[in-house]
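Residue numbers (this note's numbering): 1 to 135.
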């Protein structure tokens, strides 16, 4: 066999390359401005997609926005007018700080609290790093 034939045969036997990182996508904020308030209708879905308790994400977003808010069974109501792009930015920062593994950059992590310190524990690579941001 010639080199090209061997190379082609080897390529056919290789497994398909999958983009594991691409499987994790944070949903964009869906909502509207109602008077002096911002209503986010898919906040529960965002918290579920990032795999964190909705209360934890809520506390982070409201603190970062420096605004009061109220969580209902269907939406988050923020007490001021805030553009969706700014909320998406803060949620992306939350994912970076509290969800993504600092070692392997995968989202398959859990928040673990030990001796008053929160850790991000990765179920893929086993890394355990302290959370750098306080809530």
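C-beta: ideal position from N, C-alpha, C; glycine also. Treat the numbers as computed from the prediction; the structure is a model and nothing was measured.
Which class does residue i belong to by DSSP, given the choice of helix, strand or coil?
i, result
"residue 91", "helix"
"residue 115", "coil"
"residue 46", "helix"
"residue 7", "helix"
"residue 108", "coil"
"residue 59", "helix"
"residue 12", "helix"
"residue 123", "coil"
Rounded to whole angstroms, what is the Cα-Cα separation between residue i and residue j?
i, j, result
"residue 104", "residue 110", "14 Å"
"residue 3", "residue 12", "14 Å"
"residue 120", "residue 39", "30 Å"
"residue 115", "residue 74", "35 Å"
"residue 36", "residue 66", "15 Å"
"residue 77", "residue 124", "35 Å"
For residue i, count neighbouring C-beta atoms within 10 Å of its own C-beta (all shown protein chains included) and say buried if the count is 16 or more, exposed if not.
i, result
"residue 72", "exposed"
"residue 29", "buried"
"residue 53", "exposed"
Comparing alpha-carbon positions, which option in the options lies nearest residue i?
i, options, result
"residue 80", "59, 56, 34", "34"
"residue 87", "97, 112, 60, 101", "60"
Where do the ends of the beta strand (DSSP E) carrying residue i lie?
i, result
"residue 37", "37 to 40"
"residue 129", "128 to 130"
"residue 76", "76 to 78"
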